[in-house]
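Numbering-wise, the numbering used here puts 90 at position 73 of the sequence shown, and it's gapless, one number per residue.
A short write-up of the structure that comes next.
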Amino acid sequence: MGVRDRRVLHAIELVPRPCFVPIEGRSRSWNNAPVPIGEGQTISQPYTVAAMVELAAIAEGANVLEVGAGSGYAAAVMAVLAGPRGVVTAVEIRRALSERARENLDAARAVVDESQQIPGGWNGAAAQIVVVHGDGKEGYAGAAPFDAIICSAQARSVPPRLFEQLGDRGVLVAPVYGGGTATMTTFRRAGDSFLETHHGLYSFVPLV
18 MGVRDRRVLH AIELVPRPCF VPIEGRSRSW NNAPVPIGEG QTISQPYTVA
68 AMVELAAIAE GANVLEVGAG SGYAAAVMAV LAGPRGVVTA VEIRRALSER
118 ARENLDAARA VVDESQQIPG GWNGAAAQIV VVHGDGKEGY AGAAPFDAII
168 CSAQARSVPP RLFEQLGDRG VLVAPVYGGG TATMTTFRRA GDSFLETHHG
218 LYSFVPLV
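Written out as structure tokens, the structure reads:
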């Protein structure tokens, strides 16, 4: 579907997506469609997660922020890309979802990687993941600056705090709502300037 970064495809392959989907929806875990996770939210389709993290260009050792932790799945994929020297901070405004994301990540870490026969094979090469209950529109200043920021919900404009917390040459990826659908948009920082590019139409839950 156009995702060509082999590191991203490998991360998608490694992370056990069913661990992040409620039991009643697990038969649809790998369908290329959103799946409800409760609280009126969804886990994005695998393609959308892969496309966003590819745009974010997450390097080994990166410090990453996700706005809208949801199920915790995208944070896990980003953690594989950031590697053991990296950190992924995922902020979720709904307390129940933030707690569930932590539970899902714990469950995913316990999955045996059949190729390596060790517990949590994906997690052994992944960054530390910190799930925070809070307002993602405010970012997370305590861990800034970030090399990459991914906003997993759509808004009419990107919250200013996120631009402030993006490091120099960092990339912010966000679906910007324009009526009906959202345009996947990247902002690459160069000093006080941001290079904005657009990457097609998507549909997301609103950023609250």
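Don't be surprised by glycine CBs; every beta carbon is placed ideally from N, CA and C.
(request) Could you name each continuous beta strand (DSSP E) segment of 3 residues or more that falls completely within the stretch 114 to 195, going from the start of the chain to the end? (result) Assignment of beta strand (DSSP E) within the stretch 114 to 195, counting only whole runs of 3 or more residues, yields 145 to 150, 163 to 168 and 183 to 194 in chain order.
(request) Measure how close the beta-carbons of Met95 and Val190 come, nearest whole angstrom, since I'm counting them as under 8 Å. (result) Here Met95 is actually not in contact with Val190; their C-beta atoms are around 11 Å apart, not less than 8 Å.
(message) Less than 8 Å between the C-beta atoms of Val32 and Ala165, yes or no?
(response) Going by C-beta atoms, Val32 is not nearer than 8 Å to Ala165.
(request) With DSSP collapsed to three states, give me the class of Thr65. (result) Three-state result, Thr65: helix.
(request) Determine contact between the stretch 177 to 192 and the stretch 109 to 121, defined as no fewer than three beta-carbon pairs at a distance below 8 Å. (result) No contact exists between the stretch 177 to 192 and the stretch 109 to 121.
(request) Would you identify the three-state DSSP class for Glu213, choosing helix, strand or coil? (result) DSSP places Glu213 in strand when its eight states are reduced to three.
(message) Checking 8 Å against the spacing of the C-beta atoms, do Val147 and Ser115 come in under that value?
(response) Going by C-beta atoms, Val147 is not nearer than 8 Å to Ser115.
(message) If distances are taken between C-alpha atoms only, which option among Tyr157, Gly195 and Gly196 comes closest to Pro177?
(response) Of the candidates Tyr157, Gly195 and Gly196, the one whose C-alpha sits nearest the C-alpha of Pro177 is Tyr157.
(message) Please state the DSSP three-state secondary structure of Pro101.
(response) Coil.
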